[in-house]
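Dropping the structure here:
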């Protein structure tokens with residue numbers, strides 16, 4: 291028994307019938323993202339209404355194989371932000387890094403990667419692309435790793451099969 295388990299619950303979960311039914315249906319169907327299903331299970335176990343089980347954070351964490359902090363944050367978010375906010379995952383704009391390649395810069399990178407390589411080179415490398423996008427003022431600075439991720443995301447890698455640059459070769463019937 292840790293200190294967190296003994297702590298007094300500041301955020302009490304009390305679901306109404308409609309909310310319980312929505313969560314039950316979600317869990318029974320199982321056709322939602324895993325994070326959303328976990329939050330639904332947490333809320334159902336933590337529900338302190340007459341129809342609920344009112345489990346402690348420690349019991350929920352053990353049963354669902356998650357941390358006590360996850361259970362506590364889910365309770366807190368329900369009380370502070372509401373039912374729908376718990377189930378919808380939102381990325382914090384404050385914590386996310388700004389994108390290096392916006393749509394236009396990404397298009398220029400792809401066009402560059404699909405163009406002829408520099409003289410004396412058989413193909414573009416990530417390092418060559420890194421130097422070229424900075425020289426051409428497409429972006430101020432970038433790493434070869436970022437270029438690789440961007441090209442992988444768009445499937446614009448010249449050696450990637452199915453990148454749209456050529457038709458697939460037909461297979462012989464067996």
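Numbering (the working numbering), first residue to last: 291 to 464. The C-beta atom is built at its ideal place from N, Cα and C for all residues, glycine as well.
Judged by DSSP in its simplified three-state form, residue 440 adopts helix.
Annotation: residue 372 to residue 356 spans about 22 Å, alpha carbon to alpha carbon. Note that the segment 407 to 424 does not touch the segment 364 to 379; fewer than 3 beta-carbon pairs, one per stretch, sit closer than 8 Å. In the three-state reduction of the DSSP assignment, residue 305 falls in the coil class, being assigned neither a helical nor a strand state.
Counting the other CB atoms within 10 Å of its CB gives residue 424 a total below 16, which places it among the exposed residues.
Between residue 428 and residue 398, the gap from beta carbon to beta carbon is short of 8 Å. Out of 332, 340 and 389, the CA that lies nearest to the CA of residue 350 is found in 332. Nearest Cα to residue 402 within the set 305, 388, 437 and 322: 437.
Bounds of the alpha helix (DSSP H) holding residue 393 are 393 to 404. Scanning the segment 335 to 362 from its first residue to its last, the whole alpha helix (DSSP H) runs of 4-plus residues come out as 347 to 354. Contact between residue 329 and residue 376 holds, since their C-beta atoms are separated by about 5 Å, short of 8 Å. The DSSP-derived three-state label of residue 428 is coil. Counting along the chain, the unbroken alpha helix (DSSP H) around residue 375 starts and ends at 373 to 377. Cβ contact annotation for residue 322 (same chain, cutoff 6 Å, sequence separation greater than five): 316, in chain order.
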